Structure formats: structure tokens, C-alpha cells
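These notes are about the structure you will find just below.
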Amino acid sequence: MAGADDIIRGLLVVIIVGIGTVLGWVLFVRTPDNLAQLLGVLLVVAVAVATARIGSNIAGSLLPAHNVAEVAVEGPISRDGGGGITSPPVGASADDIVEQIDRADADRGSEALLLKLNTPGGEIVPSEDIRIAAEEFDGPTIAYATDVCASGGYDIAAGCDELWAREGSIVGSIGVVGSRVNAKELADRLGLSYEQFTAGEYKDAGVPLKEMTEDEREYLQGIVDDYYDQFIDTVAEGREMDAETLKDTEARIFLGDEAEERGLVDRLGTRDDVEASLEQRLGEAVTIKEYEPERGLTGKLRGGAQQVAFALGAGIAGVADGDIEGLSFRR
147 MAGADDIIRG LLVVIIVGIG TVLGWVLFVR TPDNLAQLLG VLLVVAVAVA TARIGSNIAG
207 SLLPAHNVAE VAVEGPISRD GGGGITSPPV GASADDIVEQ IDRADADRGS EALLLKLNTP
267 GGEIVPSEDI RIAAEEFDGP TIAYATDVCA SGGYDIAAGC DELWAREGSI VGSIGVVGSR
327 VNAKELADRL GLSYEQFTAG EYKDAGVPLK EMTEDEREYL QGIVDDYYDQ FIDTVAEGRE
387 MDAETLKDTE ARIFLGDEAE ERGLVDRLGT RDDVEASLEQ RLGEAVTIKE YEPERGLTGK
447 LRGGAQQVAF ALGAGIAGVA DGDIEGLSFR R
């Protein structure tokens, strides 16, 4: 069956390329005047290349050559992946990843989703967006942890049907930390004083240039506790685990074999083992299509303007934090 599809797919591409080439020749070589004829050959080639790409996309849509979609989540998770207009992303862009999962879900060839995870976590809402997209995928979803699947990364894994890891994978860090830099003494030495006009008692809670009161400390600790409860509830529901069992981990990280013993990981194995399991699920040989982000300049500009305040991630990973008046939250 696959061989016949390949032949038909190839014929479709050839036919579409032929149509595009003839059209380009008629438009740019035969019909116009001399100036157009000088550029005609180049334009014909350009049209042929463009139609080849279009033909390949059409053929791939009508007769997909894959049955599993793979989407990677690598590096600290943020809304836009970090970086800038002239520099590449330094982590995983949640918007791009969600867009890839949505495209895979709309692709008639994607019968299952393989989510490759190598991330210490990242910002709270972007991580949640990826998890929700994985939950909504119409088909089996398999998460595969390579080096690190911690904090927000583990949150994402909780939205999948199954989590695989290697024996040496770092898994867990189901906890929350709130932190702030205390620069009050340094400011005093420099002769700087803090003065701010606010409306609302806790509006400037956590500002590093002033001492924190006990009421402010209790207030901010309450936010950390709320984040922790949300995290535990999400993982408990997604992984079908007891909340107290998750709390007993005390936000520690575990290697893959111990994570499996604790029920944090379903199975251990290599990438080949994961693909073999997918073949059993689908009842046919697995062909994987790796999805890449489709993000232009507009998306980079929009993403660069969205600096989300709350960040989550394993402390061992050095994930960049978001700040609210000098205060950062991480999972």
C-alpha cells in the first residue's frame, strides 16, 4: 500500500510541476516582448520550483507518507522562546509548539503524536498551553523524556497518554519556588532610598529596594502555595496519581529508573523502543514526520513584546525568570 501511495504521490508532483512549467513558459517566454523573453528562462525555473513545492504539499496532504507526528519541546519554555528579532530563540516557544501540535492534529496522516521533551520547565501559562494542546490531540499521545523532563516539562507530560524516559533521564521537580533579590543594604551604601506611590497595600510587595514585612512575606508565600496546589492537582489528574504521593516527592528530581518505581514514568526505553510501542498501538509500521515552527517576522515581533511575568522551571536548569517588581516565581 505504501509503495502504491509513493508512486501516486510522485505522479501528482510531476503533473503539477509540468503544469507550472508550461504555464511559466507561456506567460514569460512565448507571449511577452523581448525584455520579458530575456528573463523568461529564470522566471520559468522559479515557477517550476514553486509549483514543485506546492505539488509536494498537495500530494503529501492527499496521500500522507507518515502516520506519526513528532513535536519537540527543548530548552526553557516561554511564550516566544526568548531571543530577539536578530537572534535565534534560546528556548522553546509555546506559541510555536502549540501551532505545530494543531497542524499535526489537522493533518490526516497524523494518527499519533510523539512529544519529545528535553526541558527544565518554563513560564506557567505557556507550559499549560502546550499541555492542553497535547490533551486535545485526536489520537494517542506519547511523551518521551530525553535528558530532562522537570517542572513545566513534567506538567506537559501529564497531558499525554504515556510517558517514556531513559534510565539516566532527570524527571520530577514537582514544586514551586518564589525568590527576590534583597538590595536594601546595597542601596543604603550607595545613598539610594526607595520611594514609591501605590494604591493597594500589597502593590509593591517584593520590591528589592525595601525590607519585606511579615504580612508581605505571608502574602507572597500564599501565592507560592497556591501555585503548588495547582501543580499537584494538574499532575494528579493527568497522571492518575494520588496527590499525597506527589507531595511526598518534596519537589525532588529522580533518575529515570527511580521515577518509574515511583510511578512518575510509565516505561523506560530508547527511541527505538518508543517507536516499537507506537507500532503496536497503531498496528502498522511507523513513519514519523518532524514538525517545525512556521513563524515569520510578524510572529517574532509579537512574541518579543510578550514578556510573561510568571516563570516555572527546575532550579538546576538555570531557566530565566520573569519578574514582578523584582519577585520571581518558578516551578
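So the sequence shown is numbered by our numbering: it starts at 147 and just counts up by one. For each residue, glycine too, the CB sits at the ideal point set by N, CA and C. In this text, all values refer to a predicted model and were calculated from it rather than measured experimentally.
For residue i, the residue or residues it bridges with in DSSP
i              : result
isoleucine 278 : Isoleucine 278 is not bridged to any residue.
leucine 260    : Glu216 and Ile288
valine 420     : According to DSSP, which records beta bridges pairwise, valine 420 is partnered with nothing at all.
glutamate 436  : Glu216
Alpha carbon of residue i to alpha carbon of residue j, nearest angstrom
i              : j                 : result
isoleucine 231 : isoleucine 276    : Any reading at isoleucine 231 is ruled out, since the residue's pLDDT is 49, under 50, leaving its predicted position unreliable.
glycine 268    : aspartate 301     : 10 Å
threonine 380  : glycine 305       : 9 Å
alanine 211    : serine 423        : 20 Å
aspartate 418  : threonine 391     : 31 Å
methionine 387 : glutamate 404     : 16 Å
serine 325     : phenylalanine 283 : 36 Å
glutamate 357  : leucine 332       : 12 Å
isoleucine 247 : glutamate 220     : 15 Å
aspartate 253  : valine 271        : 26 Å
tyrosine 373   : tyrosine 437      : 32 Å
leucine 355    : glutamate 440     : 42 Å
valine 353     : valine 432        : 54 Å
aspartate 375  : alanine 389       : 9 Å
glycine 429    : threonine 416     : 20 Å
8 Å Cβ cutoff met for residue i and residue j
i             : j              : result
threonine 395 : isoleucine 320 : yes
aspartate 350 : glutamine 342  : yes
glycine 237   : serine 224     : yes
valine 217    : isoleucine 434 : no
aspartate 241 : aspartate 251  : no
alanine 296   : glycine 318    : yes
Closest by C-alpha distance to residue i, when choosing among the options
i            : options                           : result
valine 294   : Gly402, Tyr437 and Thr433         : Gly402
arginine 408 : Lys393, Ala431, Glu425 and Arg427 : Lys393
valine 244   : Gly299, Val327, Ala279 and Pro222 : Ala279
Short CB-CB distance (under 8 Å) between residue i and chain C
i             : result
glutamate 347 : Although the question refers to chain C, the structure presented lacks it and comprises just one protein chain.
Requested in this report: May I ask you to verify whether the stretch 306–313 touches the stretch 397–414, counting CB pairs closer than 8 Å and requiring at least 3?
Outcome: yes
Query - Meets three-Cβ-pair contact criterion under 8 Å: the stretch 334–343 and the stretch 281–293 - result: no
**Report entry** Meets three-Cβ-pair contact criterion under 8 Å: the stretch 250–263 and the stretch 353–367
**Finding:** no
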